[in-house]
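One structure below.
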Amino acid sequence: MTVGRGERLYCGAVETGRAQKEIIVEVNGREIRRSVEPRLLLSDFLRHEADLTGTHVGCEHGVCGACTVLMDGEAVRSCLIFAVQANRRSLTTVEGLQAPEGRDLHPLQEAFREKHGLQCGFCTPGILMTLIPFLRDNPRPRKEQIREALSGNLCRCTGYVKIVEAVQEYVSRTGGGA
Amino acid sequence: MKHIGKPVRRNEDARLLTGKAVFVDDVHLPAMLHAAFVRSDYAHGRIVSVDTRQALELPGVAAVYTAEDLGDYWRPGPLLVPPPPVEEKTFHARTQVPLARDKVRHVGEPIALVLAESRYIAEDAVELVEVEIDPLDAVVDLEQALDEQAPLIHDDLDSNLSAEVRQSKGDYQGARRQAAVVVRRRFEYDRGASAAIENRGIVASWDGRDQHLTVWDSTQAPIPIRNGLAEMLGLSESQVRVIAPFIGGGFGPKIMMFYPEEVLLPWASMQLQRPLKWIEDREENFYATTQERGQIHWAEIALDAEGRILGVRDDFLHDAGAYDPYGLTVPINTQCTLLGCYQVPNYDSHFKAVFTNKPIVTPYRGAGRQHGVFVMERLLDLAAREMDLDRAEIRRRNLIPPEAFPYDNEIIFQDFRPLVYDSGNYPRCLERALEMIDYDDFLSRQQPKARREGRLLGLGLVTYVEGTGIGPYEGVRITVESSGKVNLVTGVGTQGQGHYTSFAQVAAEQLGVGVEDVRVVTGDTREFHWGTGTFASRGAVVAGNACHNAAKDVRRKILEQASEALEAAQEDLVLEEGKVYVKGSPESSVSLGELAVRANPLRGAVRHGAEPGLESTSYYGPEQGATANGVHAMIVEVDAETCQVKIVRYAVVHDCGRVLNPLILDGQIEGGVAQGIGNAFYEQLHFDQTGQLLNASFMDFLLPTALDMPDLDMDHFETPSPLNALGVKGAGEAGAIPVAAAFAQAVEDALQPLAPGLEILEIPLSPNRLFEILSEHRDRRDDGRGDA
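In structure tokens form, the structure reads like this:
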């Protein structure tokens, strides 16, 4: 019998004997203080410690871009960063995108809905978080620049056509900028 | 039509865009344990021992299970799709097991299940499980699988033959004797992965007090999973609730069942009395999720002197992988779809499916159809070249004419029904595609000009059919609630196809409400528990028509109630904007909410036999599938030095009957084309001779990015299907089906100045592979010259 049934039913925190480090992180304007294992990925920290499950994990090796969040305003792949590296940094996830008063969506999200820039929606939060700093730095991008900016995010449903259209729609509606 | 056919924005988007939509990995339950699997490092071998002692010592590990620990629960999975009633067939069902017991048959086959307080600890523990395997030679090459010396994958069989099927019509040999031209070639179409961005996942929670099991599963078929789990676990179906929440892309492999993880997690949750979660990681996905493609064809076409098809003969090998739970669906699709849009009076198709030491093959978007299209379209191209006929012309001469429908192909399709095309106008689609791609101008001006400038420009032109919307059935329940809002529930799961919107459109059309007023619930067996699943491009056809029927019935009930309430004849009533009024007097109206309350009173008498509420449940089961069709045309430019291919233009003409939502339809086609391009030029699973997958990561298995995808020029015709009330045909797989055939033709065309007579007879390609093909061609030509 290889099963430790019954005698190993832990509830709550487990003493693993591994070192923990306390970190303070600002996420979407809220300060979070936690003790974490140094090996805890930022993506897991956001999803499981901060309960912000809008950040998705698609490949765990930095290729698909689904886990993209902003760290001090720049897009980073949260599966390639340890939570301890985010200590005393400011993070923004898709949940932190603000809708203008009286609206339910940020204008970039609105453009994605308008142009059908998402299907299953799994890669979408990462794409939005990639585009936010891109559009801040390139308020009036050409189509080729948009494609280039999206080229580090994999989408398996849309073929990217309507994502590109959504970005163009956003740019024409807002006159650029994010 | 007020809603059907309109580019309605999707109801589900706000939740997805704000990160609030719940995917399986977003489900977190108190006291939940996390699972990780010990998987085979070998493609083929005998298990000598599995030692879990060290793993169990690790703090935080709750349990480790091996095949032995499963007792009577260990048994091979069910045969998901039995073979269709074809006369000449052999089929050996050998289905996957929950944990390998005596033998491993592909890399990544699960051997032990570890459960721990966190995924991190579970993976640490996986490293501590010692597995000793006595390796056996692996069967990797399709053509060697049936050799007498080949090692046996299933020891109780005489060979590695999984299945053998022959279907034919007419007399091919007789036709061949009449032929002016016969073209015969070997074609190869290798494996790929569906690579949904969300990997698979399961959360299972057994509540010992309530005696109830809840399972969140990234499946395309929650109801069959519920039924199967109840049976396996000895529970009543009412004790099991399966929820397929938002799913991050399905594409076919998520309807495979039962995956070992689906069998094990619910069982282990009952053993441990704790909720459990397993989320597949990307590397696992390359082994543990089913794959597709992998066929070799020896095909022959016979034509008369005018280029009319007299007959086609095809012999092919199909790679089933290590087990064959999905029966014959993929190779039967290939066999049937090969006939395409053409009149083929004589057909002789024979295939052998073989077991190999590779992950299991089940349908992935297109599900074998693209193989048939590739073979047929390539044969036509080669025949056209041999006869010095124009590519468009040879197709034109062979298309089924519009007046020939319903058109009986005289063979059996995957839905066990005769392959009969219901409707279509194939010539119109072909002519439109030629116009959109500027066919004549390309041949007479653009290509010659490019060639003079030393640029390699080529065109591909391919037609295809897609058998869609097959049975058995789906069901829908529609309820008008006392708020006046509409609730629509159905058993089919949704993986991004926009069901929350297209089904709402169909209901809103009948019920006089806004699309946003219809709340759609899919994929939760507690809400609706009859149905089969989302596959074979059937959601809009099968569930869509069930929606239509249920909505019509609710409309009838609304008008009956309103007629009493307003004391007016039903013919005089208008139902719109959530209320009913007598024609001409909109000021005295009654709202749907009020009528819903009237239909479900708390006191007083109701008519004898009356059913409460404004509600109806309806089922739709088509007698046979509806056949969509289309034409893809593309222009590519090949860089002679790097062999990189750039798609310069891409045109799609498509006919899937009545369009429910053009925005969603275009999205389906675009996504399909992207997967087709990936399949044609980027995605290939490379197995070595020991069965090891050499590129099991997104670093090495390349999906197309935004830079690889062209803009599409798209046009739709609507030839309504006479088979269903809405007149719809499916569209989910259409985009992916013809791409590889068109790509091969275009690249071959482009390369002719560099390599006259070059033929491209395989998929996937890549810059490397193209370079090799060019070199091989050059060597052959040089050899030929030497002989002369």
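Protein chains in written order, with this note's numbering: chain A, 1 to 178; chain B, 1001 to 1788. All C-beta atoms in this analysis are idealised placements derived from N, C-alpha and C, irrespective of residue type, glycine included.
Measuring CA to CA, which of the options is closest to residue i?
| i | options | result |
| --- | --- | --- |
| Thr1690 of chain B | B:His1106, B:Leu1058 and B:Asp1051 | B:His1106 |
| Met1634 of chain B | B:Leu1457, B:Gly1757, B:Leu1235 and B:Leu1080 | B:Leu1457 |
| Gly1514 of chain B | B:Ile1412, B:Glu1576 and B:Pro1418 | B:Glu1576 |
| Pro1767 of chain B | B:Ala1145, B:Thr1090 and B:Asp1639 | B:Asp1639 |
| Pro1098 of chain B | B:Gly1250, B:Ala1268 and B:Phe1681 | B:Ala1268 |
| Ser1423 of chain B | B:Ala1543, B:Ser1616, B:Leu1702 and B:Arg1658 | B:Arg1658 |
| Asp1072 of chain B | B:Glu1087, B:His1371 and B:Arg1101 | B:Arg1101 |
| Gly1311 of chain B | B:Cys1336, B:Asp1348 and B:Leu1328 | B:Asp1348 |
| Val1140 of chain B | B:Leu1702, B:His1686 and B:Ala1742 | B:His1686 |
| Leu1016 of chain B | A:Arg136, A:Asp72 and A:Arg113 | A:Arg113 |
| Gln1370 of chain B | B:Gly1192, B:Gln1149 and B:Phe1091 | B:Gly1192 |
| Val1182 of chain B | B:Leu1380, B:His1318 and B:Pro1345 | B:Leu1380 |
| Asp1026 of chain B | B:Val1126, B:Lys1103 and B:Gly1201 | B:Gly1201 |
| Gly1496 of chain B | A:Arg156, A:Ala149, A:Arg30 and A:Glu148 | A:Arg156 |
| Met1376 of chain B | B:Gly1613, B:His1044 and B:Arg1391 | B:Arg1391 |
| Ser43 of chain A | A:Arg30, A:Gly29 and A:His61 | A:His61 |
Which value, in whole angstroms, describes the spacing of the CA atoms of residue i and residue j?
| i | j | result |
| --- | --- | --- |
| Arg1195 of chain B | Asn1285 of chain B | In the sequence on display, residue 1195 of chain B carries Ala and not Arg. Ala1195 of chain B and Asn1285 of chain B: Cα-Cα distance of roughly 8 Å. |
| Ser1238 of chain B | Pro1222 of chain B | 14 Å |
| Val1648 of chain B | Pro1710 of chain B | 7 Å |
| Val1038 of chain B | Glu1109 of chain B | 8 Å |
| Ser1589 of chain B | Ala1569 of chain B | 14 Å |
| Ala75 of chain A | Val69 of chain A | 6 Å |
| Pro1662 of chain B | Ala1543 of chain B | 18 Å |
| Val1008 of chain B | Met1001 of chain B | 13 Å |
| His1499 of chain B | Lys115 of chain A | 17 Å |
| Glu1117 of chain B | Val1104 of chain B | 28 Å |
| Met1 of chain A | Leu1113 of chain B | Model confidence at Met1 of chain A stands at a pLDDT of 35, short of 50, so the residue's coordinates are unreliable; what they give is reported in the following sentence. Their Cα atoms are separated by approximately 14 Å. |
| His1777 of chain B | Val1747 of chain B | 14 Å |
| Leu1276 of chain B | Ile1225 of chain B | 17 Å |
| Thr1018 of chain B | Leu97 of chain A | 8 Å |
| Leu1272 of chain B | Pro1083 of chain B | 38 Å |
| Phe1743 of chain B | Lys143 of chain A | 24 Å |
| Ala1536 of chain B | Glu1564 of chain B | 44 Å |
| Asp1438 of chain B | Arg47 of chain A | 51 Å |
| Arg1538 of chain B | Gly1730 of chain B | 6 Å |
| Leu108 of chain A | Val167 of chain A | 7 Å |
| Lys1358 of chain B | Val1506 of chain B | 43 Å |
| Glu1772 of chain B | Arg1184 of chain B | 23 Å |
Using the three-state DSSP reduction, which class does residue i fall into: helix, strand or coil?
| i | result |
| --- | --- |
| Val1645 of chain B | strand |
| Ala66 of chain A | coil |
| Gly4 of chain A | Note that Gly4 of chain A has pLDDT 43, beneath the 50 cutoff, so the model's placement of it is unreliable and the number below is only indicative. Gly4 of chain A falls in the coil class under three-state DSSP. |
| Leu1146 of chain B | coil |
| Thr158 of chain A | coil |
| Trp1216 of chain B | strand |
| Glu1481 of chain B | coil |
| Pro1135 of chain B | strand |
| Gly1630 of chain B | strand |
| His1777 of chain B | helix |
| Val1022 of chain B | coil |
| Glu1762 of chain B | strand |
| Gln1497 of chain B | coil |
What residues of chain D sit near residue i, judged by a beta carbon separation below 8 Å?
| i | result |
| --- | --- |
| Ala1696 of chain B | Included in the structure are the protein chains A and B, with no chain D among them. |
For the region 1595-1605 of chain B and the region 1433-1443 of chain B, state whether three or more C-beta atom pairs, one from each stretch, are separated by less than 8 Å. Fewer than three Cβ pairs drawn from the region 1595-1605 of chain B and the region 1433-1443 of chain B lie within less than 8 Å of each other, which leaves the two stretches out of contact.
Does the region 1297-1305 of chain B touch the region 1175-1188 of chain B, meaning 3 or more C-beta pairs lie closer than 8 Å? As far as the Cβ criterion goes, the region 1175-1188 of chain B touches the region 1297-1305 of chain B, which means the pair count is three or higher.
Could you tell me whether the region 1460-1476 of chain B touches the region 124-131 of chain A, using the rule of 3 or more Cβ pairs below 8 Å? They do not touch, by the three-pair rule.
Which complete beta strand (DSSP E) runs does the region 1416-1442 of chain B hold, if anything under 3 residues is left out? List check, beta strand (DSSP E) in window: 1418-1421.
Beta strand (DSSP E) segments (min. 3 residues) lying fully within the region 1654-1737 of chain B: For the region 1654-1737 of chain B, whole beta strand (DSSP E) runs of length 3 or above, ordered along the chain, are 1713-1717.
Please give the ranges of any alpha helix (DSSP H) in the region 1281-1361 of chain B, keeping only runs that are unbroken, at least 4 residues long and fully inside the region. Counting whole runs of 4 or more residues, the region 1281-1361 of chain B contains the alpha helix (DSSP H) stretches 1282-1288 and 1329-1337.
Please go through the region 1546-1613 of chain B and give each complete beta strand (DSSP E) segment of 3 or more residues, from N-terminal end onward. With a minimum length of 3 residues, the continuous beta strand (DSSP E) runs that stay inside the region 1546-1613 of chain B are 1573-1576, 1579-1582 and 1585-1591.
On the three-pair Cβ rule with 8 Å, is the region 131-144 of chain A touching the region 1051-1071 of chain B? Short answer: they don't touch.
Three or more C-beta pairs closer than 8 Å, one from the region 1161-1174 of chain B and one from the region 1720-1734 of chain B: is that the case here? Counting Cβ pairs under 8 Å, fewer than three are found: no touch.
Taking three-plus beta-carbon pairs below 8 Å as touching, is the region 83-96 of chain A in contact with the region 1224-1231 of chain B? Counting C-beta pairs with one atom in each stretch, the region 83-96 of chain A and the region 1224-1231 of chain B have fewer than three that are closer than 8 Å, which means they do not touch.
With three or more beta-carbon pairs closer than 8 Å as the criterion, would you say the region 1116-1134 of chain B touches the region 1040-1052 of chain B? Three or more beta-carbon pairs separated by less than 8 Å link the region 1116-1134 of chain B to the region 1040-1052 of chain B, which places the two stretches in contact.
Can you check the region 1043-1093 of chain B for any beta strand (DSSP E) of at least 3 residues that lies completely inside it and give the ranges in chain order? Counting only runs of 3 or more, we get 1045-1051, 1061-1066 and 1088-1091.
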